[in-house]
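As structure tokens, the structure follows; a few thoughts come after it.
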Amino acid sequence: CLDTYDDKAAQLTNKKWYQELQGDFKQASLSGYINLQKLTENTIDLITQTNHALKDLLVTELIRLQGFETIFFGVWQQNDHIFDKTLITFDREKIREEFKELVDIKPTIADSYHYLSADTIWYYWTNGIQLDSMYKHFKQERDSSEYSLFGELTEVIALDLEDFLSLIDNDFTLAVKNIPEYQFVPAPRLMFAVKLHNVAATKAAIDKLLNHYDVPVRTQTVKNVELTSLGGIISTGEILPSFALFKDYLIISSNIEQIKEFIAGSETIPSLRSSKYFNDINTGLIKKNNSIGYLHFAEVTYMLKELINWGGTIIGIQDREAARKSKIVIDQLINPLLDGLAMYSQIGTRRYIQNNKIYIESTTIIEKQNQ
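Oh and the sequence shown: position 242 is 242 in the numbering used here, straight run, nothing missing.
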């Protein structure tokens, strides 16, 4: 810094491009900048001078970062809200082909939160998973024997894997609800939904698989939508693997109720979009994005405590001494740690790509402690 000042060379903070990018972080109480391109180049130079056994692998992975130029980040707090923002710049002409496909995906507005219930404790949506493109790159970089295991499946559905994956859109949703109080096995309720390019062809492929492997199923109709559950399983509480095709969605869930709620939407129950907890951290979740996330962190930590305590009980049934030791770890280490983390009440994140920049933003609410 002194050399730069003495030589009257152009300082980083005086450069126009730096000032423009740093403008997004004026309110930050803590901010930083990384020249990722230089850092990567220098790291590669250092590694190539060593005799480390993983030298070639590390260099290969670092070269994959070619074209990503700078990282800006900042953190600031307003009352009980903590805001984080990261900005990554890149040169599209220099990045690898598989990354070009990802950065070319336009931000869109998610709609799946309208179909989820307000008591969802974890929600994630993205439009950035392109299964067909990922498979093409996988084939190029791996030996053919590594993906031959799909051969039987593709024969059954009469489609090769690329054609089957092309039926699936890049719009994915994951939703988790808390453990029902009356359920003996403390398993969270999990639902996965993906949009489809071709619903009819996907249904035909699923039917062929079920018939070929003679999978017992039972069906019911919910608002003129067929809901299918695995028939050879005795449900435990709400646990019953099920799926349905609704509008342009394929919905797969560990339970029936989440699918019913998704189909009914906000007609029968309050939706996640109307939830106070969701809206408290909604600083762009309903805008155009490439991915969004919502986490009711206090509820998730409570759920984890239930799962861990149940695991300790199972250990106690099998080995009393192991149970005694695990109880000490759970009571004195894990549970206090989870209680501490519960101070972070809700977390919302969003990621979007715009003008050769990747934006990652998050909002965290800290629960006010009683004085």
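Glycine included, C-beta positions come from ideal geometry on N, C-alpha and C. Small disclaimer: the values here were computed from a predicted structure and weren't measured.
Reduced DSSP category for residue i - H, G, I as helix; E, B as strand; rest coil
i: M381; result: With the chain covering 1 to 371 only, the question about residue 381 has no answer from this structure.
i: E261; result: helix
i: Q22; result: helix
i: I157; result: helix
i: R351; result: strand
i: Q37; result: helix
i: L58; result: helix
i: L240; result: strand
i: N279; result: helix
i: N42; result: helix
i: G32; result: strand
i: G74; result: strand
i: I109; result: coil
i: H81; result: strand
i: K16; result: helix
i: N255; result: strand
i: E361; result: strand
i: I65; result: The sequence shown places Leu at residue 65, not Ile. Three-state result, L65: coil.
i: T86; result: strand
i: A53; result: coil
i: I269; result: coil
i: D460; result: Nothing about residue 460 can be read from this structure; the chain reaches only from 1 to 371.
i: K139; result: helix
i: E93; result: coil
i: N335; result: helix
i: Q11; result: coil
Anticipated Cβ contact below 8 Å, residue i with residue j, distance rounded
i: L161; j: F150; result: 5 Å
i: V225; j: A244; result: 6 Å
i: Y113; j: Y124; result: No, Y113 and Y124 are not in contact; Cβ-Cβ is about 11 Å, not under 8 Å.
i: I34; j: I95; result: The pair is not a contact, with the Cβ atoms about 17 Å apart (cut-off 8 Å).
i: L250; j: T202; result: 6 Å
i: E261; j: S29; result: Wrong, their Cβ atoms sit about 41 Å apart, outside the cutoff.
i: P188; j: M303; result: 6 Å
i: S242; j: T221; result: With a Cβ gap of about 13 Å, S242 and T221 do not count as contacting.
i: A175; j: K223; result: Going by Cβ atoms, the distance from A175 to K223 rounds to 19 Å, so no, they are not a contact pair.
i: L196; j: L167; result: 6 Å
i: K208; j: I157; result: 5 Å
i: M343; j: E367; result: 5 Å
i: S362; j: D84; result: 5 Å
Nearest to residue i (by Cα), restricted to the options the options
i: I121; options: L295, H137, Q332 and T228; result: L295
i: L65; options: V75, V222, T48 and K38; result: K38
i: D248; options: K85, L337 and V194; result: V194
i: V103; options: Y359, L333 and T364; result: Y359
i: N309; options: T283, G284 and L338; result: L338
i: T86; options: L21, D45, E98 and E101; result: L21
i: V329; options: A342, L285 and I315; result: I315
i: I82; options: N170, P216, Q27 and I286; result: Q27
i: K106; options: R324, S291 and K325; result: S291
i: K177; options: S271, I317, D171 and R324; result: S271
i: Q354; options: K15, T108, D84 and K16; result: T108
i: Q346; options: H137, G312, D280 and E101; result: D280
i: F278; options: F297, L230 and K136; result: F297
i: I269; options: D119, S31 and S362; result: D119
i: I129; options: V75, F164 and N170; result: N170
i: I259; options: I334, K276, S362 and L240; result: L240
DSSP beta-bridge partners of residue i
i: L230; result: V217
i: I129; result: Answer by DSSP bridge pairing: none, since I129 is not bridged.
i: F246; result: Y249
i: S274; result: According to DSSP, which records beta bridges pairwise, S274 is partnered with nothing at all.
i: I366; result: Y344
i: V225; result: V222
i: T120; result: K177
Residue i Cβ short of 6 Å to the ligand MN heavy atom set
i: P216; result: This structure simply doesn't include the ligand MN, nor any ligand for that matter.
CB contact check: residue i to chain C, cutoff 7 Å
i: G293; result: Within the model displayed, chain C is absent; a lone protein chain is all it includes.
Whole alpha helix (DSSP H) runs in the stretch 282-331 with 4 or more residues, listed along the chain? 297-318 and 320-329
As an exercise, report each continuous alpha helix (DSSP H) stretch of at least 4 residues that is fully enclosed by the stretch 161-200, in chain order. 161-165
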